[in-house]
Every structure is written in structure tokens, then in C-alpha cells.
Amino acid sequence: HHHPDHAGLASWLTERTGAEFWMPQAEYFAAHAMREGSAGFGFDNIMAMFERNGLAGEKLTLMQQRRSNYRSRVPGFPSVYRRLMDGQAHRIGGRLWSVVMGYGHAPEHAALYCEELGVLICGDMVLPRISTNVSVWANEPEGNPLALFLESLSRYAGLPATTLTLPSHGLPFRGLRERIAQLKEHHRLRLAELHEACGTPRAAADVLDTLFRRKLDAHQLFFAMGEAMAHLHLLHHDGRLKRSVGADGVIRYAKN
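Position in the sequence shown (from 1) plus 2 gives the number in the working numbering.
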């Protein structure tokens with residue numbers, strides 16, 4: 003997917019090896035839009051969305067000072083690519099690997115599964131020790147990414163129980179189904195906590211302390227806001243929270 007810790011060296015690698023560059027279409031164009039700050043991916047678009055969701059004062063100032071560092075971390079990006087699509091099969095190293103798309107963490111995250119080896123290269127979709135960031139982004143401000151993420155986890159849960167999972171952060175592990183169950187339970191508990199916190203109208207910025215019980219730096223605050231919005235959006239889409247816009251232009255959520 004297009005995040006800089008995954009795609010940042012794509013140009014460097016293809017230029018030095020001559021290898022073809024394969025990527026899902028949504029990820030390819032997201033990378034270019036992020037580099038250019040265009041199509042709703044610009045830093046100012048993100049700040050405006052966060053302000054509409056209650057970020058203000060010192061936290062807003064801290065965030066504004068952060069700016070976007072995507073272009074510095076992805077100094078170049080391939081001008082041509084070949085498209086990865088869900089369900090495709092590719093022969094790599096003499097074995098067949100199937101593309102399994104996942105959603106919510108990124109627009110169109112590609113994982114690779116080899117039935118012969120019993121191996122899933124899962125990228126960021128299933129991590130062994132931390133929960134994957136799932137955020138609302140300014141180019142899709144009404145999105146419901148957490149619902150997409152949880153649906154995607156169910157796809158991976160259908161793989162054999164013996165599958166060896168290779169994540170992009172942390173060590174390889176077995177017990178994919180158990181880890182998916184843990185992640186689903188984690189989000190269920192967070193959603194329940196947020197629902198209770200919205201006895202009175204609350205903006206996303208108001209519930210950060212409910213989701214994150216530690217002091218957040220600018221980098222963490224950026225992702226925390228997106229994740230708080232993702233949880234509130236799921237509760238709203240499910241009909242458990244109602245949404246209103248105050249005279250101050252801030253979006254708030256409250257129990258139905």
C-alpha cells in the first residue's frame with residue numbers, strides 16, 4: 003500500500019533492479035496524490051477536517067506545526083505500474099501466490115497468500131502486538147473505514163488455522179484466527195466505551211482521552227484523530243449515535 007514505510011523506496015528499487023512495479027490502482031494514485039498534496043490529500047484539507055471534528059487550541063497548533071512529511075519520505079514514485087487486483091494469482095519463486103485485498107487501513111491494501119506454503123504476507127492488516135491504524139481521511143470524510151477493516155479481517159479468518167502470518171511490523175506468528183478474534187474484541191470494547199462516552203454530544207477531539215490514555219505527540223495525535231472519527235462513524239452508520247453540527251460548525255455525536 004502507499005504508506006511511506008512501505009512504498010517510500012519504490013522508485014529507488016525499480017530504478018536499480020529494473021523490476022516491474024506492481025500495486026493496487028487505488029494505492030498507486032493515492033501515493034501520487036499524497037506526494038502532490040492534491041485531490042483532498044493536502045495537509046490543509048486534513049486540518050480543516052480535524053477542526054470540523056473539534057480539534058482546537060494547543061492540540062490544533064501542535065498539529066499545524068507538524069505539517070506533512072510524505073514527500074520527504076517518498077522522494078520519488080514510479081511513473082508506470084502494473085495493477086494488482088483481488089483474486090489474481092501470480093507465480094513467484096516457482097509457487098502460486100493469490101492477491102487478497104483488505105480495506106480500512108489503506109484504500110486497497112494487497113496481501114499475498116500461498117496455499118502450498120501455508121503463508122500469508124499480510125502487510126499491515128493483521129499485526130501481532132498492536133492494532134492497525136484505521137482512520138477517516140479528508141478525501142473521504144463520510145467514509146466508514148472501520149466497518150471495511152472488520153469485514154476484511156473476516157476474509158483472512160477464513161484461511162487455514164495453521165497459516166504462518168508474516169506481518170510488516172513485528173515477528174512472524176501462527177494463530178491468525180486467534181489474533182483476528184483479539185482485534186475484533188479490541189474494537190468492540192472501544193466502540194462500547196465511545197458509545198457510553200457520548201451520553202452528551204461529543205466531537206472526535208473530545209473522545210481522544212477515552213480511546214488513548216496517554217499523552218500524544220503531534221505524530222500520534224494525527225492518527226488518533228482519524229481513528230476516533232473512524233469509531234464514531236461506525237457507531238453513526240450503525241444507528242447507535244446521531245450526528246449534529248453545532249453553531250460553531252463542529253460535528254458532534256450523541257446516543258440515539
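Even glycine gets a Cβ: it sits at the ideal position worked out from N, Cα and C.
Whole angstroms are fine: how far does the CA of residue j sit from the CA of residue i?
i, j, result
"Tyr30", "Arg85", "9 Å"
"Leu218", "Ala194", "22 Å"
"Leu210", "Met227", "7 Å"
"Val121", "Arg254", "43 Å"
"Leu152", "Asp7", "23 Å"
"Ile123", "Gln222", "26 Å"
"Asn141", "Glu53", "15 Å"
"Asp88", "Trp24", "13 Å"
Beta-carbon within less than 7 Å of residue i's beta-carbon, same chain only, minus the 5 sequence neighbours each way: which residues are those?
i, result
"Arg97", "Cys116, Glu118, Leu119"
"Gly78", "Ser13"
"Leu57", "Met65, Ala207, Met227"
"Gly242", "This sequence places Arg at residue 242; Gly is not what is there. Excluding sequence neighbours, Arg242 sits near His197, Asn258."
"Gly10", "Arg75, Val76"
"Glu38", "none"
According to the Cβ coordinates, are residue i and residue j closer than 7 Å?
i, j, result
"His233", "Leu178", "no"
"Arg200", "Ala249", "According to the sequence as given, residue 200 is Cys; it is not Arg. Not a contact, by the Cβ cut-off of 7 Å."
"Ala112", "Pro169", "no"
"Pro109", "Met51", "no"
"Met231", "Asn55", "yes"
"Tyr83", "Met36", "no"
"Gly172", "Arg131", "yes"
"Pro80", "Thr19", "no"
"Ala220", "Arg68", "yes"
"Leu185", "Ser133", "yes"
Which residue or residues does DSSP assign as beta-bridge partners of residue i?
i, result
"Leu122", "Tyr115, Thr167"
"Tyr255", "Arg204, Arg245"
"Trp24", "Arg84"
"Arg69", "Bridge partners of Arg69: none, in fact."
For residue i, which residues of its own chain have a beta-carbon under 8 Å away from its beta-carbon, when the five flanking residues on both sides are left out?
i, result
"Phe225", "Asn135, Ser137"
"His239", "Asn146, Ala149"
"Arg176", "Thr164, Thr165, Leu166, Thr167"
For residue i, which residues in the same chain have their Cβ closer than 6 Å to its Cβ, ignoring the five residues on either side in sequence?
i, result
"Pro203", "Arg254, Ala256"
"His4", "Glu29, Ala32, Ala33"
"His92", "Trp99"
Would you say residue i faces chain C, with C-beta separation under 7 Å as the test?
i, result
"Val138", "The chain labelled as chain C is not found in the depicted structure, where only one protein chain is given."
* To do: Mind the definition here: the segment 98 to 105 touches the segment 37 to 49 only if three or more C-beta pairs lie below 8 Å; say whether that holds.
  => no
* Sufficient close CB pairs (3 or more, under 8 Å) joining the segment 122 to 134 to the segment 152 to 159 -> yes
* Would you call the segment 137 to 155 and the segment 234 to 254 touching, i.e. three or more CB-CB distances under 8 Å? -> yes
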